[in-house]
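2 protein chains.
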Amino acid sequence: MSRQSDPNQLPERTRRILHVLVEQYIRGGQPIGSRSLSRVSGLGLSPATVRNIMYDLEEQGYIQSPHTSAGRIPTEQGYRLFVDSLLKMQPVHRMPEDELRKELALDAGAEPKNLIESVSSFLSGFTRMAGVVTLPQRGQNTLRYIEFLDLGQQRILVILVVNDHEVQNQVIHTDRDYSRSDLEQAANYVNHHFAGRDVSEIRQELHRELQATRRDVNRMMDALVDMAGKAFAHEAESDKSDFVLAGETNLMNFEELSDVEKLKALFETFNRKRDLYDLLSRCAHTDGVQIFIGRESGHQVLDDLSIVTAPYGRDGEVVGVLGVIGPTRMEYERVISVVDVTSKLLGAALKSQD
Amino acid sequence: MSRQSDPNQLPERTRRILHVLVEQYIRGGQPIGSRSLSRVSGLGLSPATVRNIMYDLEEQGYIQSPHTSAGRIPTEQGYRLFVDSLLKMQPVHRMPEDELRKELALDAGAEPKNLIESVSSFLSGFTRMAGVVTLPQRGQNTLRYIEFLDLGQQRILVILVVNDHEVQNQVIHTDRDYSRSDLEQAANYVNHHFAGRDVSEIRQELHRELQATRRDVNRMMDALVDMAGKAFAHEAESDKSDFVLAGETNLMNFEELSDVEKLKALFETFNRKRDLYDLLSRCAHTDGVQIFIGRESGHQVLDDLSIVTAPYGRDGEVVGVLGVIGPTRMEYERVISVVDVTSKLLGAALKSQD
DNA sequence: ACTTGGCACTCTCGTGCGGGGAGTGCCAAG
DNA sequence: CTTGGCACTCCCCGCACGAGAGTGCCAAGT
């Protein structure tokens, strides 16, 4: 980017031209020529003057022309400047808050998963692009209750209730069979000692305890603690990198993705989940709306797309990220508002839930 | 279909020509002309003769030409005849059973859901089309264990263990609060009386019991039974119409779906799940491989696609359906074998699981 | 009666050509 | 510094043309 320059050094008039150009291009999808720009910019400049300005903008990498006798379209750098100028002004927008509020109200008290799905499909429905919401990831998982159930053949079903609401279950394999009362005893032990404490903390403590009692005569206790430890070990690794995507198919409408190869690569990325999740988690640590334009995301499949994200949470603690994925040529102003408002409403909804 | 005729009345030679034509078309994707057909059919007929035969086949609706000077391609009716002739002969095929066996072995003992996912992605990977497997739906759900956990605010978490393995949980709302021991008592009651019996049976019985004790002074018992009833009512409605789809994106490669509108409609159908699930369930009652060609499925979005399905189950009882979705122009012979073998292996894997 | 070679006909597809339209770059004048 | 003018470039569209492929039909052969 040798020719890149400090955007602040651009004359006001030049920035105005860029702004209008981006707006117009977003509206129409056609390259913008000097004539229409001079008319619509409201600056009272002749097309020739505008041409000169456009020449400058092109030299500095904000716009480009698809071929010599077409108009100009914004580059990623151009979009970036445009978007940054949008973010400076407080977006006070007539929003369809009510629509979402209503939906959220319906889901109140439902599984968090349902809530997330509603929000994701709201995002996609309202923007006509793809909506995405990560599942809320609590920083700490508080153990509420544990239960062991014998399945025979040295298999034990562990049921774990965390955070008042969520039930997780898993089968663990042991090296011997346990009687009903053994299992009850183990569950009682854990429930009594550890209920209300953080799960990963418990795992560590159980581990320590196992070390300590290793030479103990009480082999039984040993095995039980081992078993409980296994249960919590599983818990730690599960449930990662998941999000709810909605309206992916909306993206098929955009000519940016008319290339089937690209489309395929994109959908495969969606299915794999990992890449997109990583991208989203990166947004958890900034607060407020964040925007990746085109290649800024660093993932090749998203080259022609932009992502607008915002973290959501309750009581200031971020528990997830939501966002909208669409073509680089999207109505940023509207999308930013929607994402922003939605993240706040979702935070509130989660709060009221428990 | 006025011109449709009994396929059995077609002369052997004519059927042979159709068979070869379909084979060739499946291989190459290009309309087949009389010259190449005469060469490859091995019947020692001149192109002119083949032309006459093709004329007959076209009149009877088995083949058609995209335009006057292209070769011929099979119609749905033509595919149907082709496929039926395939199904008559036992498909004894060198199959990649081992590959799948290995994968299934890895998943042995894992969640059924994981197993299903493996199979689905095997189907898709091996055929390079889309694989689909419905979740196993047991005819009866045997209650193993129930537990009630107070969440406060008149909400109770119900944990239900069915069929030795599966854990279901749900929050029910009650009209008053219950003490810990109330809940324990309720759980004990249900576990003691109903463990090992079918869930929907239990629901009915609880309902009856509720009617009977309505005038009873024992209000407590009343409420408990009511609560348990609620729990089982939920259980009944959950978990329907679900399947695991894999490799949908493979379908994007086929020019049959190069029309973005079609592609979009198809993927939306996949997401909705209902339509496809209904189609699949219809296959549960026939045994052996079943094939829908093009519009035979009755769903418009599948017009250019075919579906090859087979039910799977254990001990003769069908618990689900699996299949492959691909373009009408697919290698039926191979796909039929794969689907057939896979359904049997999955059945066996489920059996060995518990 | 069936098969075959011949032949005219039709249709698609790729290519090359030309004109209209849009927009630019540059220059010289204001 | 702005503006009008003008030549230039490039895309896009319609058109025609020829090559290629395959058919339908007919008349002759077995």
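Which chain is which? The protein sequence lines are A and B, in order. My numbering puts the first sequence at residues 1 to 354. My numbering puts the second sequence at residues 355 to 708. Glycine included, every Cβ here is placed at the ideal spot set by N, Cα and C. The structure displayed is predicted, hence computed values, not measured ones.
query: 8 Å Cβ shell around B/T429 - same chain, five flanking residues per side excluded; result: G415, Y416, I417 and Q418
query: Closer than 7 Å to chain B by CB, A/T142; result: no
query: B/L458 burial status per 10 Å Cβ neighbour count (16 or more: buried); result: buried
query: Member of B/K456, B/I645, B/S533 and B/A424 whose CA lies at the smallest distance from the CA of B/E685; result: B/I645
query: Buried or exposed (CB count within 10 angstroms, at least 16 for buried), B/M443; result: exposed
query: Cβ-based neighbour list, B/G387, same chain, cut-off 7 Å, excluding 5 preceding and 5 following; result: G425
query: B/R551 vs B/V525 beta-carbon contact at 7 Å; result: no
query: Boundaries (first-last residue) of the alpha helix (DSSP H) holding B/Y631; result: R628 to R636
query: Per DSSP, cross-strand counterpart(s) of B/E671; result: B/R668
query: Local conformation of B/H653 per DSSP, three classes; result: coil
query: A/V319 and A/G326 closer than 7 Å at C-beta; result: no
query: Chain-ordered chain B contacts of A/E117 [CB-CB under 9 Å]; result: None at all; the shortest Cβ gap to chain B is about 12 Å.
query: Coarse secondary structure for A/Q154, derived from DSSP in three states; result: coil
query: Close-in-space but distant-in-sequence residues of the same chain around A/I17 (CB under 8 Å, 5 per side omitted); result: L37, S41, L43, V50, I53, M54 and L57
query: Closer than 8 Å at the beta carbon, the chain A residues around B/M603; result: Per the sequence shown, the amino acid found at residue 603 of chain B is Thr instead of Met. Near B/T603 (Cβ distances below 8 Å), the residues of chain A are K264, F267, E268 and N271.
query: The stretch 432-443 of chain B / the stretch 368-382 of chain B touching (three or more Cβ pairs under 8 Å); result: yes
query: Amino acids of chain B, ordered along the chain, whose beta-carbon sits closer than 8 Å to that of A/V167; result: L511, I513, V521 and N523
query: CB contact check: A/V260 to chain B, cutoff 7 Å; result: yes
query: Where B/M355 sits in the DSSP three-state scheme; result: Note on B/M355: pLDDT 41, under 50, position unreliable in the model; the coordinate value appears next. B/M355 falls in the coil class under three-state DSSP.
query: Residue of A/Y145, A/D242, A/A130 and A/Q30 minimising C-alpha distance to A/H192; result: A/Y145
query: Alpha-carbon spacing of B/E471 relative to B/S478, whole angstroms; result: 11 Å
query: Residue closest to B/E453, alpha-carbon to alpha-carbon, out of B/A664, B/Q522, B/L704 and B/V692; result: B/V692
query: N- and C-terminal bounds of the beta strand (DSSP E) containing A/F194; result: Element bounds for A/F194: not the beta strand (DSSP E) but the alpha helix (DSSP H), R180 to F194.
query: A/N114 versus B/Q522: straight-line alpha-carbon distance, rounded; result: 16 Å
query: Partners in chain B for A/E147, counting only beta-carbon separations shorter than 8 Å; result: E501 and I513
query: Test item: CB-CB of B/V598 and B/V487 under 7 Å; result: yes
query: Closer than 7 Å to chain B by CB, A/M252; result: yes
query: Own chain partners of B/Q384 with C-beta closer than 8 Å, once the 5 adjacent residues on each side are dropped; result: G425
query: Cβ neighbour criterion (16 or more within 10 Å) applied to A/L322; result: buried
query: B/S660 versus B/E671, B/T640, B/N625 and B/L630, residue with shortest Cα-Cα distance; result: B/L630
query: Cβ neighbours of A/L86 in the same chain (closer than 8 Å, five flanking residues each side left out); result: Y332, E333 and I336
query: Chain B contact for A/G131 (CB, 7 Å cutoff); result: no
query: Same chain, Cβ closer than 6 Å to B/A702, neighbours up to 5 away in sequence not counted; result: none
query: Residue interval of the alpha helix (DSSP H) (run including B/N373); result: Reading the sequence as shown, one finds His at residue 373 of chain B and not Asn. Where B/H373 is concerned, the enclosing alpha helix (DSSP H) stretches over E366 to G382.
query: First through last residue of the alpha helix (DSSP H) which encompasses A/L87; result: E76 to K88
query: Beta-carbon proximity of A/G131 to A/A212, cut-off 7 Å; result: no
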